[in-house]
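> One structure, as structure tokens, below. Some questions next.
Protein chains: 2
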Amino acid sequence: MVDQDKLPVVAVDAMGGDIGPSAVVPGVVDALSETTGYSVALYGDKDSIQTELNKLDCSSLPISIVHCTQAIEMGDSPASAVKGKPDSPIVKAMTDHKAGIVSAVMSAGSTGAMVAASLMILGRLSSVKRPGIATVIPTSGKPFVMLDSGANVQATPEHLETFAKMGDTYCKSILGNENPTVGLLNIGEEPSKGSELTVAAHKLLAESNLNFVGNIESKQLPYGPVDVLVTDGFTGNIVLKMVEGFGALLIKILSGSKDSKSDDKSAMLEKMDYSSTGGAMLLGVKGSSIICHGASNSRAIKSALVIASRLALVDLPTKLEECLSDSN
Amino acid sequence: MVDQDKLPVVAVDAMGGDIGPSAVVPGVVDALSETTGYSVALYGDKDSIQTELNKLDCSSLPISIVHCTQAIEMGDSPASAVKGKPDSPIVKAMTDHKAGIVSAVMSAGSTGAMVAASLMILGRLSSVKRPGIATVIPTSGKPFVMLDSGANVQATPEHLETFAKMGDTYCKSILGNENPTVGLLNIGEEPSKGSELTVAAHKLLAESNLNFVGNIESKQLPYGPVDVLVTDGFTGNIVLKMVEGFGALLIKILSGSKDSKSDDKSAMLEKMDYSSTGGAMLLGVKGSSIICHGASNSRAIKSALVIASRLALVDLPTKLEECLSDSN
């Protein structure tokens with residue numbers, strides 16, 4: 000029998016997201032029922048968590064509770080919440096991650112508090128000026144990793160190059176893709192097209208040792224044109240939320256169809272379902288920080304926890320630091 | 000009988016777009032068969048145009064041909080094409096527009112040549128620093144007008160304010176919408192969210208006399224949240240091409256469905272079909288310049304010509320100049 004005390008621990012904010020424990024706890028139980036090799040510590044109000052656990056068949060699963068007496072509210076500024084609420088789930092979990100007690104932290108929000116706690120408590124990798132949010136974007140083909148999806152509103156060409164290298168390392172280390180293609184989101188295919196930022200970033204990426212395939216226009220995105228898509232956080236956030244909006248519309252239309260011979264459509268629904276692609280990862284900090292969508296249902300929590308458990312097993316920050324400190 | 004010589008003339012580049020005369024000429028004939036009050040002058044190689052006209056029943060329609068001996072090629076730089084090819088369809092038509100011989104110019108491209116010819120031959124309105132491309136974006140609800148859709152890669156808050164006012168005037172003058180809602184595309188709803196550009200633009204728009212409803216997140220776009228959406232040309236072009244890509248995917252999926260009870264889906268297909276929304280308009284120049292998608296089929300040409308004919312009948316540049324010179 001495996002010694003549960005030796006398993007890497009994923010800290011999960013049980014109170015996070017719009018739904019809270021009634022979505023998070025079932026998602027955690029589902030993930031642990033299907034995947035092994037890690038344990039989960041649920042951070043939050045112990046009574047609320049226990050109430051949800053009691054509804055489920057999970058006594059044999061490696062789940063523990065870390066009681067927290069504080070909560071971050073919608074109105075709290077992220078930075079002051081991190082400083083002023085040490086016993087809130089996000090802050091306490093991140094502090095435990097820094098201390099090596101847990102191997103990854105996952106929360107459905109707020110995003111601002113997760114980013115602030117990661118930066119202030121874990122800190123940046125020495126070779127990363129701006130950590131970026133990596134999200135997995137569903138498409139009708141293969142999903143791709145996009146970063147930055149909104150950690151920073153402004154970017155330099157050098158930031159975009161760092162995002163590209165972190166996305167590349169993520170694909171190699173976590174997804175097992177040995178030679179991921181990297182594209183730059185732009186408004187034309189030619190290297191000369193776009194803003195000063197994208198023209199300069201294209202040059203840096205073309206000179207790097209990445210498998211850079213050039214500029215990608217947004218009309219290609221629904222078909223999954225690359226493994227890693229690089230963009231600034233403003234544009235990335237616009238793209239992310241458009242995918243979310245169009246995906247929801249598509250699912251609504253397809254679900255409402257009366258077509259019975261719908262194997263193709265079922266496959267498409269599955270592919271385009273945002274809740275199957277896992278959470279967003281803040282790459283470039285000294286730790287593993289996974290941010291789920293605020294509207295996450297238990298299925299989304301489950302998907303994100305599967306990714307979080309892989310991050311807990313692989314020391315991604317060290318791999319990122321190695322990759323980024325290489326010349327080129 | 001109406002004197003055809005008195006009708007406003009829309010100049011149409013018969014050679015434009017990926018398909019050329021075999022898409023443009025049927026689209027023009029279809030539009031003129033269903034709408035009246037204007038005539039069309041087809042600019043291009045007269046033999047190629049006549050060959051297409053001969054295939055169609057159009058002898059009674061108000062169509063003329065203006066023969067052009069030059070053609071703008073894909074490799075030509077827009078500015079040098081405008082200077083060096085005065086007898087190409089776009090340049091000749093724009094020169095005739097400047098001289099008052101035609102009331103609007105429409106072409107399926109190249110976009111670069113149309114923008115350059117509009118700026119160099121017609122010139123900017125005195126109160127407009129940066130003309131913007133306005134596109135009509137199809138949604139599952141009502142379509143909206145988005146600008147800038149790609150005329151400029153960089154923008155200032157003042158440019159965005161001008162775009163908002165031009166979109167507002169367009170809705171009022173051409174679409175008959177007396178009180179259009181105006182939104183600012185951003186990565187959060189709160190006024191403080193976003194880049195320096197969007198924060199400053201939000202302030203200017205909130206202080207204007209427009210019906211400004213605030214920031215709009217991209218996840219709302221598939222549902223048609225406003226009448227006018229304001230953004231910089233880089234972000235606008237990303238959004239435009241994503242809508243195009245997702246629209247094509249949606250149509251492909253819905254068209255392939257075997258569902259027979261599909262009135263809802265037919266209506267959705269019609270709504271989301273890019274070719275039904277007309278061309279893009281370059282707003283802020285001293286004239287009416289309509290740019291169709293390079294891949295326009297005859298249906299797209301027809302839709303764009305209906306809009307172009309309205310622009311030919313209404314003196315939009317004068318209305319824009321009036322609106323923009325008002326205090327506020």
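Respectively, the protein sequence lines represent chains A and B. Position 269, counted from 1, in the first sequence is what numbering that gives the first Met the number 0 calls 268; the numbers after and before it change by one each time, with no gaps. Position 25, counted from 1, in the second sequence is what numbering that gives the first Met the number 0 calls 24; the numbers after and before it change by one each time, with no gaps. From the three backbone atoms N, C-alpha and C, an ideal C-beta is built for every residue, glycine too.
Residues bridged to H66(A) by DSSP?
In DSSP, H66(A) forms a bridge with G43(A).
> Closer than 9 Å between beta carbons: that is the criterion. Which residues of the stretch 214 to 230 of chain B meet it against chain A?
Those residues of the stretch 214 to 230 of chain B that come within reach of chain A (Cβ to Cβ, closer than 9 Å) are E216, S217, K218, Q219, L220, P221, Y222 and T230.
> Between the stretch 163 to 182 of chain A and the stretch 283 to 293 of chain B, are three or more C-beta pairs nearer than 8 Å?
Flag = no, the stretch 163 to 182 of chain A and the stretch 283 to 293 of chain B do not touch.
> Determine the direct distance from the alpha carbon of R298(A) to that of S106(B), and round the result to whole angstroms.
Distance between the alpha carbons of S106(B) and R298(A) is about 49 Å.
> Just checking my contact of S87(A) with A80(A) at CB under 8 Å: how many whole Å lie between their CB atoms?
7 Å between Cβ atoms; contact.
> Report all residues from its chain with a CB closer than 6 Å to the CB of I64(B); omit the five preceding and five following residues, and keep chain order.
So the qualifying residues of the chain are L41, K45 and I48.
> I need the boundaries of the alpha helix (DSSP H) containing D167(B), first residue and last residue.
P156 to S172 is the span of the alpha helix (DSSP H), which, as asked, contains D167(B).
> Starting from L184(B), trace the beta strand (DSSP E) both ways and give me its first and last residue.
Unbroken beta strand (DSSP E) run through L184(B): T180 to L184.
> So the alpha helix (DSSP H) M356(A) belongs to, where does it begin and stop?
Given a span of 0 to 327 for chain A in the structure shown, any question on residue 356(A) remains unanswerable.
> Put L60(B) into one of helix, strand or coil per three-state DSSP.
L60(B) falls in the coil class under three-state DSSP.
> Cα separation between T134(A) and L60(A)?
For T134(A) and L60(A), the distance between alpha carbons rounds to 28 Å.
> Can you give me, in chain order, the residues of the stretch 146 to 166 of chain A that have a beta carbon less than 9 Å from any beta carbon in chain D?
Absent from the structure is chain D; the protein chains it does hold are A and B.
> Count the other CB atoms within 10 Å of the CB of M14(A); is the residue buried (16 or more) or exposed (fewer)?
With 16 or more other Cβ atoms within 10 Å, it is buried.
> In chain order, what residues of the same chain lie with their CB nearer than 7 Å to the CB of V152(A), ignoring the 5 residues before and after it?
Closer than 7 Å at the Cβ level, and outside the excluded window around V152(A), lie G232 and F233.
> Assuming the contact rule is C-beta atoms closer than 8 Å, L183(A) and I215(A) should be a hit. Round their C-beta distance to whole Å, please.
Right, their Cβ atoms sit about 7 Å apart.
> Rank E320(B), K318(B) and I237(B) by C-alpha distance to the C-alpha of L148(B) and give the top, closest one.
The sequence as given places Ser at residue 148(B); Leu does not occur at that position. Closest by alpha carbon: I237(B).
> Using C-beta distances below 8 Å, list every residue in its chain close to I120(B), excluding the 5 sequence neighbours before and after it, in chain order.
Cβ neighbours of I120(B) beyond the five flanking positions: V81, V90, M93, T94, H96 and K97.
> Would you say S194(A) reaches chain B, if we count a Cβ-Cβ gap shorter than 8 Å as a contact?
Output row for S194(A): interface = yes.
> Any beta-carbon of chain B closer than 8 Å to the one on F345(A)?
Nothing about residue 345(A) can be reported from this structure: the residues present for chain A run from 0 to 327 only.
> Answer yes or no: does any C-beta atom of chain B fall closer than 8 Å to that of I237(A)?
Judged by the 8 Å Cβ criterion, I237(A) is in contact with chain B.
> Would S139(B) pass as an interface residue toward chain A - the criterion being a Cβ-Cβ separation below 8 Å?
Yes, its Cβ sits closer than 8 Å to a Cβ of chain A.
> Can you tell which of T110(B), E188(B), S139(B) and G175(B) has the C-alpha that lies nearest to the C-alpha of I71(B)?
I71(B) has its Cα closest to that of T110(B), out of T110(B), E188(B), S139(B) and G175(B).
> Just checking, does the stretch 14 to 26 of chain B make contact with the stretch 300 to 316 of chain B on the three C-beta pairs under 8 Å criterion?
Result yes; three or more Cβ-Cβ pairs closer than 8 Å.
> Considering only C-alpha positions, which residue in the set M241(B), Q219(B) and G223(B) is nearest to G244(A)?
Minimum Cα distance to G244(A) is reached at Q219(B).
> Per DSSP, what are the beta-bridge partners of M280(B) in this structure?
Bridge partners of M280(B): A133(B) and I289(B).
> With DSSP as the reference, identify every bridge partner of M145(A), one or two as the case may be.
DSSP lists T134(A) and L228(A) as partners of M145(A).
> Does the beta carbon of T110(A) sit closer than 8 Å to a beta carbon anywhere in chain B?
Not one chain B Cβ lies under 8 Å of T110(A).
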